[in-house]
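For the record, the sequence lines run as chains S and A. Note that UniProt numbering has the first sequence beginning at 1, numbered continuously upward. Note that UniProt numbering has the second sequence beginning at 1, numbered continuously upward. Using N, Cα and C, we set each Cβ at its ideal position, and we do this for glycine too. Step one of this worksheet: look at the structure below.
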Amino acid sequence: MSHSAATAPPAPTAPPAPPGGAREHRRFTLDRLDLTYSPYVYIAPFFLIFGAFGLYPMARTAWMSLHDWDMIGERTFIGLDNYTRLLSDDYFWNALVNTFGIFALSTIPQLLLALFLANLLNRTLLRAKTFFRMAIFIPNVVSVAAVAIVFGMLYQREYGLVNWLLGFVGIDQIDWDGQTWSSWTAIASMVNWRWTGYNTLILLAGMQAIPRDLYEAAEIDGAGQWRQFWRITLPLLRPTFVFVVILSTIGGMQLFTEPLLFANGSIIGGNQREFQTLAMYMYEMGLVNLNSAGYGAAVAWALFMIIGLMSLLNFVLVRRAAK
Amino acid sequence: MISASQRLWRTSPLTYTALVLAALLSIYPFYYMVVIGTRSLDSINDVPPPVAPGGAFTDNFSRVLDNDAANFLTGMMNSIIVSSVVTASVVLTGSLAGFAFAKLRFRGRNILLLSIIVTMMIPTQLGLIPLWGMMQTLGWYDTLYAVTVPFLVSAFGVFMMRQYASQAISDELIEAGRVDGASTLRIYWNIVLPALRPAAGVLALLTFMESWNSFLWPYAVLTPENPTLQVSLSFLSYAYYTDYSQVFAATAVGTLPLVLVFLLFGRQIIGGIMEGAVKS
Chain S
1 MSHSAATAPP APTAPPAPPG GAREHRRFTL DRLDLTYSPY VYIAPFFLIF
51 GAFGLYPMAR TAWMSLHDWD MIGERTFIGL DNYTRLLSDD YFWNALVNTF
101 GIFALSTIPQ LLLALFLANL LNRTLLRAKT FFRMAIFIPN VVSVAAVAIV
151 FGMLYQREYG LVNWLLGFVG IDQIDWDGQT WSSWTAIASM VNWRWTGYNT
201 LILLAGMQAI PRDLYEAAEI DGAGQWRQFW RITLPLLRPT FVFVVILSTI
251 GGMQLFTEPL LFANGSIIGG NQREFQTLAM YMYEMGLVNL NSAGYGAAVA
301 WALFMIIGLM SLLNFVLVRR AAK
Chain A
1 MISASQRLWR TSPLTYTALV LAALLSIYPF YYMVVIGTRS LDSINDVPPP
51 VAPGGAFTDN FSRVLDNDAA NFLTGMMNSI IVSSVVTASV VLTGSLAGFA
101 FAKLRFRGRN ILLLSIIVTM MIPTQLGLIP LWGMMQTLGW YDTLYAVTVP
151 FLVSAFGVFM MRQYASQAIS DELIEAGRVD GASTLRIYWN IVLPALRPAA
201 GVLALLTFME SWNSFLWPYA VLTPENPTLQ VSLSFLSYAY YTDYSQVFAA
251 TAVGTLPLVL VFLLFGRQII GGIMEGAVKS
């Protein structure tokens, strides 16, 4: 039906005024109502639900953060006291350092590796292209919980595969969740395993948007593969790379499940808080200790501001570095 | 004869070696999950570690089912229900709103669309603590409402559907529907929704995976008695971490549905992710 009609000359949006008759008039009014108001009905579900369960809680987080707020009991307005308390809170700084440490150990190798793999997948007449793409992406399909459980065993002290392999090169058993550097490395490896393939695909998509004749022209001019990568691929990939860096930053700053499960469900992340992240600290203050919910809300806003700052910083840095 | 461009894109054996290595590293933890999940508990502490699957899966998995503390079957059922409802709703509300933003004229359209895009950048963790309090007030704590209702819509879903609708559906097609006297809702159902099917399929897959795998929020509002699958796995692993065979058998079963979905639709999922990346 629609095919033959589609070729007809476009009709005006509203039908012409009806030639009288109550029934036609009613029909016309209904059409007008339909045209004017139905769009609002279609977008309403999003705004209603997001407003109630997305936007409102965010605003309320800001309000709570200005209070000494007990989730079950009393609430007193204290202004910015929660935020000044953050500045001298050792556990907060510890969580901040841990978050940044794990973030650096995961994001940097991950993006370099993704860049390398994407370049391999892009620059070649490859057999089994789909197989390789699917294989490197599949870690992203598994739940974080499953990843953390499996890696938890790989890093187990006495029978874990990682320590067993390290034994061959003469390295003694490492107590992976007992020290700062080792727990950061273990947690970062889970993040790397899960996200390298995803980033590879995004970077690959960006690379494929680069016109191929640029490479061919460079080849004729005698530029080698390495030079082509530096002079063509990297500069033209900049927008995609900024996107990937910011996405990794947002994810890295919110890291929660991997360290939580690595600590067997302990919200403080190791005996000495060796790997408690900011998101875990927020959870501890806001949802485990219900009487400090206002302080937890302040941590949430601090976390949000750190994410914003980090994204901005990365944006500027990546732009400048690629110039 | 090799042409110039073929020479340029030639693949060296080193490339294959690197890619095969990356593929093996990606797949290995799944394989490991299956190896441990199908072995008896005492063979796990063997040195060297076992490398091939064993025959103890039924035994291990029956321990999971007998385990009252994990509520594995409840978790599985809950995850199926929640993920299905969330997926259906996100696709429906996303395509409705996406159609409106792409093809209908109304006041405030641009500013409303912009506000949706802005909300995509705010992390959900920001509202976590008050949302938890809201669930208590509403009496939804430890019910499936708490893990379903807040996720019935998605800004990403609206945006993705809007992008696809504006390029895949011609204005003439919609006008033709109007000339035939169809209401806007009818046009959506008979013309727009069928045309959106490829993108809606990708959105459905991505939403289902995300919902199935979500952890932080279900962990915050559900108890071990009424968990989703991921929450059940986490409690299982805390309490029975020495019984690796049991934990891994459960983890493998909980991961299997998504791996199957991925093997069936991986091409579309990857296509959707790569396409989305270029446009944003």
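Taking all protein chains shown into account, do 16 or more other C-beta atoms lie within 10 angstroms of the C-beta of ASP175 (chain S), making it buried, or fewer, making it exposed?
exposed
Would you list, in chain order, the members of the stretch 37-49 of chain A that have their beta-carbon closer than 9 angstroms to a beta-carbon of chain S?
ILE44, ASN45, ASP46, VAL47, PRO48 and PRO49
In the structure shown, what three-state DSSP assignment does ASP68 (chain S) receive?
strand
Just the chain A side, please: which residues come within less than 8 angstroms of ARG32 (chain S) by C-beta, in chain order?
By Cβ distance, chain A contributes nothing, its closest Cβ being about 12 angstroms from ARG32 (chain S), past 8 angstroms.
Is the stretch 152-166 of chain A touching the stretch 85-98 of chain A, taking contact as three or more C-beta pairs under 8 angstroms?
yes
Would you identify the three-state DSSP class for TRP189 (chain A), choosing helix, strand or coil?
helix
Helix, strand or coil: which one does DSSP assign to THR242 (chain A)?
THR242 (chain A) carries a coil assignment under DSSP once its states are collapsed to helix, strand and coil.
Quick one: list the residues of chain S neighbouring GLN230 (chain A), beta-carbon separation under 7 angstroms, in chain order.
In chain order: SER143 and ALA145.
Just mark HIS25 (chain S) as buried or exposed, buried being the case when its beta carbon has 16 or more other beta carbons within 10 Å.
exposed
Within the same chain, show all residues whose beta-carbon is closer than 8 angstroms to that of ASN291 (chain S), passing over the 5 residues directly before and after it, in chain order.
When the five nearest sequence neighbours on each side are left out, the beta carbons in the same chain lying within less than 8 angstroms of the beta carbon of ASN291 (chain S) are those of ASP70, MET71, ILE72 and GLY73, in order along the chain.
Compare the C-beta of THR257 (chain S) against all C-beta atoms of chain A and say whether one is closer than 7 angstroms.
yes
THR76 (chain S) bridges to which residues according to DSSP?
S:ASP68
By a C-beta neighbour count over all protein chains shown, 10 Å radius and 16 as the cutoff for buried, is residue 337 (chain S) buried or exposed?
Residue 337 (chain S) lies beyond the range of chain S shown here (1 to 323); nothing can be said about it.
Could you list the residues in the stretch 276-308 of chain S with a C-beta less than 8 angstroms from some C-beta on chain A, going in chain order?
ALA279, MET282, TYR283, GLY286, LEU287, ALA293, GLY296, ALA297, ALA300, TRP301, LEU303, PHE304 and ILE307
Where PRO235 (chain S) and GLY206 (chain S) are concerned, what is the direct C-alpha to C-alpha distance, given to the nearest angstrom?
Approximately 11 angstroms, taken between the alpha carbons.
How would you call SER237 (chain A), buried or exposed, if buried means at least 16 neighbouring beta carbons within 10 angstroms?
buried
What does a CB cutoff of less than 7 angstroms around PRO109 (chain S) pick up in its chain, not counting 5 residues either side in sequence?
ASN192
7 angstroms is my cut-off, CB to CB: does PHE28 (chain S) come that close to chain A?
no
Check GLU158 (chain S) in the structure and name its three-state DSSP category.
If DSSP states are grouped into helix, strand and coil, GLU158 (chain S) belongs with coil.
Show which residues of chain S have a CB atom less than 7 angstroms away from the CB atom of ALA22 (chain A).
LEU117 and ILE136
So is GLN254 (chain S) in contact with chain A if we call contact Cβ pairs under 7 angstroms?
yes
Nearest CA to the CA of PHE241 (chain S): which residue from S:GLN254, S:ALA118, S:GLN228 and S:PHE100?
If we check each option's Cα against that of PHE241 (chain S), S:ALA118 comes out closest.
When you compare only the Cα positions, how much space is there between TYR295 (chain S) and PHE315 (chain S)?
C-alpha separation (whole angstroms): 30 angstroms.
Pull up the distance between the alpha-carbon of LEU206 (chain A) and that of ALA88 (chain A), whole angstroms please.
12 angstroms
Between which two residues does the alpha helix (DSSP H) harbouring GLY37 (chain A) extend?
13-37
Using CA atoms only, rank isn't needed, just tell me which of S:TRP226, S:ILE246, S:ILE267 and S:GLU284 is closest to VAL116 (chain S).
Just to set this straight, residue 116 (chain S) is Phe in the shown sequence, not Val. For the residues S:TRP226, S:ILE246, S:ILE267 and S:GLU284, the minimum Cα distance to PHE116 (chain S) belongs to S:TRP226.
Scan the stretch 137-204 of chain A and note each continuous alpha helix (DSSP H) run of 4 residues or more that stays entirely inside, going in chain order.
For the stretch 137-204 of chain A, whole alpha helix (DSSP H) runs of length 4 or above, ordered along the chain, are 144-148, 155-168, 171-179 and 184-187.
Mind checking TYR283 (chain S): buried by the 16 CB within 10 Å criterion, or exposed?
buried
Find the residues of chain A that neighbour TRP181 (chain S), judging by a C-beta separation of less than 7 angstroms, and give them in chain order.
Close partners of TRP181 (chain S) in chain A (Cβ separation under 7 angstroms) are lacking, with about 22 angstroms as the shortest Cβ gap.
Can the beta-carbon of THR255 (chain A) be found less than 7 angstroms from the beta-carbon of ALA146 (chain S)?
Yes, they are a contact pair.
Could you tell me whether the Cβ atoms of SER211 (chain A) and VAL86 (chain A) are closer together than 7 angstroms?
Cβ distance < 7 angstroms, so SER211 (chain A) and VAL86 (chain A) count as in contact.
Name the chain S residues that come within less than 7 angstroms of ILE122 (chain A), Cβ to Cβ?
MET58
Is the distance from the Cβ of residue 319 (chain A) to the Cβ of GLN230 (chain A) below 7 angstroms?
The requested residue 319 (chain A) does not occur in the structure, where chain A is confined to residues 1 to 280.
For MET253 (chain S), count neighbouring C-beta atoms within 10 Å of its own C-beta (all shown protein chains included) and say buried if the count is 16 or more, exposed if not.
buried
Please classify TRP195 (chain S) as buried or exposed, where buried requires at least 16 neighbouring CB atoms within 10 angstroms.
buried
Output yes if chain A places a C-beta closer than 7 angstroms to the C-beta of ARG273 (chain S); else output no.
no
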